[in-house]
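Read the structure below first, then the notes.
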Amino acid sequence: MLKNKSLISPADFSIEQIEEVLELAEQIILNPGSYSDLCKGKLLASLFYEPSTRTKFSFDAAMERLGGSTVGFDDPMTSSMAKGETIADSARTVSQYADLIVVRHPKEGTARLMSQYAACPVINAGDGGHHHPTQTLTDLLTIRHYKGSFNGLTVGVCGDLMFGRTIHSLVTCLSRYAGVRFLFISPAELKMPAYVKQELDKKGIPYLETDDLELAMPKLSILYMSRVQRERFISEEEYLRLKDFFILTKLKMALAKSDMIVMHPLPRVNEIAVEVDDDPRAVYFEQVRLGMFVRMALILKLLGLDKFGA
Ligand code: NCD
């Protein structure tokens with residue numbers, strides 16, 4: 003039962019609850035028309051205190067395709083925050099109008115705080131470098147679509163493992179499935195944070211850390227690329243030094259298995275050469291499409307409207 007729950011970190015949902023959302027997303031993909039007015043009269047508020055294009059579009063598109071409406075902002079300077087309103091007050095106020103709140107904030111923990119004060123469910127659309135659980139649902143649906151299951155996968159995550167919240171969420175979530183192993187591919191300066199590795203250690207999940215993408219390529223079932231998170235760097239010089247550390251090219255793709263898939267939460271900067279886009283193993287644009295369907299499923303579940311579809 004997911005009605006009225008908030009989703010702040012992937013650990014808030016059990017494996018069975020995640021499965022429920024993915025199942026519903028797959029049903030919606032097969033027959034989107036029969037879900038097109040289930041959210042009639044419902045309002046989603048998206049509060050983006052940090053820039054976003056795709057996640058905000060994805061939520062707005064998901065709600066509109068369910069027949070609901072959206073309000074919100076993607077420039078915090080136009081909101082009452084600019085007048086000094088606290089997050090707790092914003093949560094209390096907005097939930098008087100809306101049935102569901104989606105929040106993105108540069109500070110870790112803000113979405114959790116909001117969920118403690120809001121009178122409706124809250125979805126974390128990214129809190130600083132911490133978590134991004136709906137990207138993880140998107141990633142899981144994509145993996146299931148192409149790989150059938152999560153068990154026994156060798157997952158390479160490459161790029162900015164220190165600040166990449168999509169990576170923190172995906173790795174902690176995938177570590178709940180049997181036989182998954184990880185290759186953490188990053189420059190020494192952008193290694194996976196200790197709190198993620200400690201969780202893997204506790205569960206006995208194997209992982210290796212390397213800065214050699216070529217060496218990792220032949221071993222992988224999935225390569226999850228990510229951009230270097232410029233906005234989280236203190237020094238622009240350090241960002242410029244690290245931003246092109248890995249660039250996935252056709253030549254590197256030739257080292258990979260024929261059924262490996264390349265994923266990316268987007269936006270891409272320079273870490274995947276455009277020449278890779280035509281490779282059938284490059285699934286990052288399909289991943290975007292699946293993200294909208296998984297958000298439709300999540301909205302229906304949290305509002306308790308999932309029983310009325312096809
Ligand atoms: C990601 C994010 O915001 O963390 N983008 C997204 O939601 N698709 C990844 C990123 O910005 O690099």
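Take 3 as the starting number for the sequence shown in my numbering and just add one per residue.
Glycine included, each C-beta is placed from N, C-alpha and C at the ideal position.
Owing to the predicted nature of the structure, the values given are computational and were not obtained by experimental measurement.
{"Asked": "Bridge partners - residue 226, DSSP secondary structure assignment", "Found": "159, 265"}
{"Asked": "Burial state of residue 217, where buried means 16 or more other Cβ atoms lie within 10 Å", "Found": "exposed"}
{"Asked": "Rounded separation between residue 106 and residue 159 - CA only", "Found": "23 Å"}
{"Asked": "Terminal residues of the alpha helix (DSSP H) in which residue 9 lies", "Found": "Neither: residue 9 is in no alpha helix (DSSP H) and is coded neither H nor E."}
{"Asked": "Cβ neighbours of residue 183 in the same chain (closer than 6 Å, five flanking residues each side left out)", "Found": "156, 208"}
{"Asked": "Whole-angstrom distance between residue 110 and residue 4, CA atom to CA atom", "Found": "24 Å"}
{"Asked": "heavy atom of the ligand NCD below 6 Å from residue 168 C-beta", "Found": "yes"}
{"Asked": "Distance, residue 239 Cα to residue 169 Cα", "Found": "24 Å"}
{"Asked": "Residue 12 CB to nearest heavy atom of the ligand NCD below 6 Å", "Found": "no"}
{"Asked": "The stretch 219 to 228 in contact with the stretch 194 to 202 per 3-pair CB rule at 8 Å", "Found": "no"}
{"Asked": "Proximity below 7 Å, CB of residue 304 to CB of residue 123", "Found": "yes"}
{"Asked": "The stretch 285 to 299 in contact with the stretch 20 to 31 per 3-pair CB rule at 8 Å", "Found": "yes"}
{"Asked": "Three-state secondary structure assigned by DSSP to residue 100", "Found": "coil"}
{"Asked": "Residues of its chain near residue 213, where Cβ-Cβ distance is below 6 Å and the 5 sequence neighbours each way are ignored", "Found": "189"}
{"Asked": "Neighbourhood of residue 121 by C-beta, 6 Å cutoff - its chain only, sequence neighbours within 5 removed", "Found": "97"}
{"Asked": "Span of the beta strand (DSSP E), counted from its first residue to its last, around residue 188", "Found": "That residue, residue 188, is in no beta strand (DSSP E); it is neither H nor E in DSSP."}
{"Asked": "Residues bridged to residue 73 (per DSSP)", "Found": "47"}
{"Asked": "Residue 107 - partner residues in DSSP beta bridges", "Found": "129"}
{"Asked": "Beta-carbon gap between residue 164 and residue 210 smaller than 7 Å", "Found": "no"}
{"Asked": "Terminal residues of the beta strand (DSSP E) in which residue 210 lies", "Found": "209 to 212"}
{"Asked": "Residue 289 and residue 265 closer than 7 Å at C-beta", "Found": "yes"}
{"Asked": "C-alpha distance - residue 55 paired with residue 257, whole-angstrom precision", "Found": "33 Å"}
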